[in-house]
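Participant: Input: one structure, supplied below.
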Amino acid sequence: MADECKHAAGIKDVTPSALGCEECLKSGSWWVHLRLCRTCGHVGCCDDSPNRHATKHFHATSHPIIEGYDPPEGWGWCYVDEVFLDLGDRTTPQKGPIPKFY
C-alpha cells in the first residue's frame, strides 16, 4: 500500500515521547489505544479515545503518518492520503510497559 501514499518515504525512526498519551498523562485523562507520530515521536490517543490527541497533533503539525502503538501493531496510517501502510519490520519498540486507562 505504500505506493498509494506520497508520504511513506518520510517515515522516520523515532523515540516515543511518553509511556502513554502525552497529553492524557498530564491531564489525568484516559485513552483507548495509542498512536505514535512517525515524524517526531509524539504519543497520542486514538480517535476512539475521548480527547483524540493523535489527530489533534496531526492538525497542529501536519505530520502525516502515525503508527498503531500499544503494542506496536505493524501498521501505519497516513492522515493526508487516508491509507493504511504496512510497516513490516519498521515498527517502533515500546520504551517500557504502557499503562492502561480504559
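When the letters of the sequence shown are read in order and numbered with my numbering, they come out as residues 436 to 537. C-beta atoms are modelled at their ideal positions from N, C-alpha and C, and glycine is treated no differently.
Would M436 be called buried (16 or more neighbouring beta carbons within 10 Å of its own) or exposed?
Facilitator: Your numbering for residue 436 matches position 1 in the sequence shown. Bear in mind that the predicted position of M436 carries a pLDDT of just 43, short of 50, making it unreliable; the figure below should be weighed with that in mind. Classification of M436: exposed, given that the 10 Å Cβ count is below 16.
Participant: Identify whether C513 lies in helix, strand or coil by the three-state DSSP scheme.
Facilitator: Position 78 of the sequence shown, counted from the start, is the residue given in the question as residue 513. Reduced to three states, the DSSP call for C513 is strand.
Participant: Using the three-state DSSP reduction, which class does C459 fall into: helix, strand or coil?
Facilitator: One-based indexing of the sequence shown puts residue 459 at position 24. Helix at C459.
Participant: If I follow the unbroken alpha helix (DSSP H) through T496, where does it start and stop?
Facilitator: Walking along the sequence shown from the start, residue 496 turns up at place 61. Note, T496: alpha helix (DSSP H), 488-496.
Participant: Tell me the DSSP secondary structure of G531 in three-state form.
Facilitator: Here the question's residue 531 lines up with position 96 in the sequence shown. Coil at G531, not helix or strand.
Participant: Does the contact criterion of 3 or more C-beta pairs under 8 Å hold for the region 469-479 versus the region 440-456?
Facilitator: Yes, the region 469-479 is in contact with the region 440-456.
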